[in-house]
C-alpha cells in the first residue's frame, strides 16, 4: 500500500538549527512520488515527453513532528490517497528507524492537477492510475 | 494589517515547467516573516542571539493558484493570524500586479512553536507579540 | 565600473556550521548579474523572450575567504571582466560592511556562452555589450 | 582510484532551460565526497561529532561541458587530488552513460581546510587521510 525510498540529508539541506530546512521536505516529497512512479513502471518524464502532460501541485501540506538531521538515514514513504479524473493526491511520511523503532518525523500531502502544455486541465491517461493501483495493491 | 516585501524569482527558483518550483515558496514565506519582524522593529536573529529562542515551523500549508515565473516582480504579503502563549501563525499571500490588477498566485500559512536551545516549549517573550501587534495595527 | 545589489541570507541559505552553504553563493552571483543587466537597461528575460538566446554558464570559480551568516546585510558586487563575440565573463565580490570597513567574503567569476534554443553558439546581440559597457563606464 | 555514487536530478534541481541549475552541481559534489567518506569507512558527521572538526570549502571550480537533465541517471565520481597537513582537495566528474558510452557532463574540484569550532586551522586527524588513501588505492 506504500512505497519507500531512502534519503540522506546533505549539509545543504540543513539549517543553522541543525535540522532539515522546512522547505526542503517538499524536495523529499518530490523524490518520493517520482520513485513511486518509477517503481510502478512509469515516470513523470514519460508523462511529459510522450503525452505532453504535467502534474503541477495545487496544494501542499506538511506537519513537522520531529526534526531530521544531517546525514540521517531517512525513508520517504509515499502512497496515493485518492485518484480522480484529472487530479490525484499523494500522502507522505518521512521516517527514521531509531534502534529498531520507526519514528515519524514529517507527514504531509500534495494534490496535483493533470494539465497539458497550455495549462488546460486534462484527464489523467489511464495508465497512470492503472500502474499506481496495481503497484500499491501488490505491497 | 499586513506587511509587503518585494521578491523576484531567480533562474535557480524556477523549474522546467518555467514556473517557480513548489518548494521554493516556503523560502519566499520565510522572507516575508523575516522582513515583517524587521519592519516591526525586531528580528529572528535577536530572538536567537539574545534570548536563545527559536521559532521552528510545526505546520505549513500552501495553495497554488497561479504560477509565478522567472524574474516576475512579486510581493510577499505577510500577516499574523493568531498569537498564543508559546506559538503563532503567519499567513502569506504571493501576488503580482498585472496591468494594475493584483493577482493572488499562492496563499498559505506557517505555524511556529517557541522553543529554547534544548527544544523545550517556552513562552514567547512579550516583545514579540507587542511589536507585531503594534506594527500590524498601524498598517 | 561595478554594480552593487543588497542581499540578506535566509535561514534556508545557511548550513549547520551557521554559515551560508557554499553552493548558495552561485545563487547570489546570479542575483548580481541579473540586477546588473536590469540596471544597465536590459534583462535576461528580454534576451530569452525577444531573441531566443540564453547565456548558460560554462565555467564558475569561487574563493571563500570569510563566512557570511544568517541575515547579514551583504552586497553582491558585479562587473564584466571581458566580452567576446559569443561569450562573456562576470566577476563577483560578496562583501559586508563591518563598522565602516568593507570585508570581502567571497570572490568568483562565471563564464557564459551565448546559445540559441538548439544549443548552438550565436554572437551576442550588439545591445548586450553596448548596454553593459555604457553602464559600467558611467560608474 | 575513484568512487562513484548514483544521482538523479529532481524537478527542483532543474531550471527553465530544462538543465540542472549551475549551482546545484555543488550539492552533487557534496554528495560525492560525503559518500566517498562513508565508503572509506568514516564520515563527516564523525569528524564533527567526535573531533569537533569541520572541513569548510575554501575554493571551488566547475566546468560545465554538457547539460544534465531532469531524472537523468547520473554518476558523481569523486577522487582525492591531494592531501596536506590541514587541507585536502577533492576532484569530481558528473557523468552519464549514453548507449554504453560515458559522457562527462561537469568536472570540478573543491579545496577544504580543516578547522575547529572556533575556526582555527587544525591538522587533519590521521584517520582521514589513512581511510581515504586505503580506500582509493584499493579501487
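Protein chains in written order, with this note's numbering: chain A, 2 to 140; chain B, 2 to 140; chain C, 2 to 140; chain D, 2 to 140.
Ideal Cβ positions, reconstructed from N, Cα and C, are used throughout, including at glycine.
For the alpha helix (DSSP H) that residue 135 (chain A) lies in, which residues bound it at each end?
128-138
Specify the secondary structure class of residue 37 (chain D) as computed by DSSP and reduced to three states.
Of the three classes helix, strand and coil, the one that applies to residue 37 (chain D) here is helix, per DSSP.
Spatial neighbours of residue 8 (chain A) within its chain, please: C-beta separation below 6 Å, excluding the five flanking residues on both sides.
So the qualifying residues of the chain are 29, 75, 77.
Taking C-beta pairs closer than 8 Å, name the residues in chain D that residue 15 (chain B) reaches, listed in chain order.
Residues of chain D passing the Cβ test: 16, 17.
Between which two residues does the beta strand (DSSP E) carrying residue 82 (chain A) extend?
Its beta strand (DSSP E) spans residues 75-84.
Distance cutoff 7 Å, beta carbons only. Does residue 29 (chain B) sit that close to anything in chain C?
no
Contacts that residue 72 (chain D) makes with chain E (C-beta to C-beta distance below 9 Å):
The chain inventory of the structure shown lacks chain E, comprising the protein chains A, B, C and D.
Are the CB atoms of residue 26 (chain B) and residue 63 (chain B) within a distance shorter than 7 Å?
Result yes, Cβ atoms of residue 63 (chain B) and residue 26 (chain B) sit closer than 7 Å.
CB of residue 21 (chain B) within 7 Å of CB of residue 69 (chain B), strictly:
yes
Can you tell me where the beta strand (DSSP E) with residue 19 (chain C) in it begins and where it stops?
DSSP places residue 19 (chain C) outside any beta strand (DSSP E), giving it a letter other than H or E.
Return helix, strand or coil for residue 25 (chain B), following the three-state DSSP convention.
Helix, per DSSP.
If I measure Cβ to Cβ from residue 130 (chain C) and keep anything under 8 Å in the same chain, skipping five residues before and after, which residues do I get?
84, 89
Pairs of beta-carbons, one from the segment 98-117 of chain B and one from the segment 90-105 of chain C, closer than 8 Å: are there three or more?
no
Span of the beta strand (DSSP E) holding residue 97 (chain B)?
88-99
Based on Cα-Cα distance, which residue from B:49, B:15, B:11, B:12 lies nearest to residue 118 (chain B)?
B:49
If you count every other CB in all the chains shown that lies within 10 Å of the CB of residue 95 (chain C), and 16 or more means buried, which is it?
buried
Identify, in the order they occur along the chain, each residue of the same chain with its Cβ nearer than 6 Å to the Cβ of residue 15 (chain C), setting aside the five sequence neighbours on each side.
21, 71
Is the beta carbon of residue 140 (chain A) less than 7 Å from the beta carbon of residue 38 (chain A)?
no
List, in order along the chain, the chain B residues whose C-beta lies closer than 8 Å to that of residue 11 (chain C)?
28, 31, 32, 35
Under 7 Å, do residue 132 (chain B) and residue 33 (chain B) count as touching if we go by C-beta distance?
Residue 132 (chain B) is not a Cβ neighbour of residue 33 (chain B), given a cutoff of 7 Å.
Could you check the C-alpha separation between residue 73 (chain B) and residue 110 (chain D) for me, to the nearest Å?
34 Å
Can you have a look at residue 98 (chain C) and say buried or exposed, based on whether 16 or more other CB atoms are within 10 angstroms of its CB?
It counts as exposed.
Using the Cα positions of residue 59 (chain B) and residue 61 (chain D), report the straight-line distance between them to the nearest angstrom.
Straight-line spacing of the CA atoms in residue 59 (chain B) and residue 61 (chain D) works out to 36 Å.
Indicate whether at least one CB of chain C lies closer than 7 Å to the CB of residue 93 (chain A).
no
Inter-residue spacing [alpha-carbon to alpha-carbon] between residue 1 (chain C) and residue 18 (chain D)
Since the first and last residues shown for chain C are 2 and 140, residue 1 (chain C) lies out of range.
Would you report the Cα separation of residue 121 (chain D) and residue 65 (chain C), rounded to the nearest angstrom?
About 15 Å.
In or out: residue 36 (chain B) buried (at least 16 other Cβ within 10 Å) or exposed?
buried
Contact list for residue 22 (chain B) against chain D, beta-carbon separation under 8 Å:
12, 13
Between which two residues does the beta strand (DSSP E) carrying residue 142 (chain C) extend?
Past the boundaries of the shown model lies residue 142 (chain C); chain C is included only from 2 to 140, so the question cannot be answered.
Enumerate in chain order the residues of its own chain whose CB-to-CB distance from residue 138 (chain D) is below 6 Å, with the five nearest sequence positions on each side excluded.
Cβ within range, chain order: n/a, list empty.
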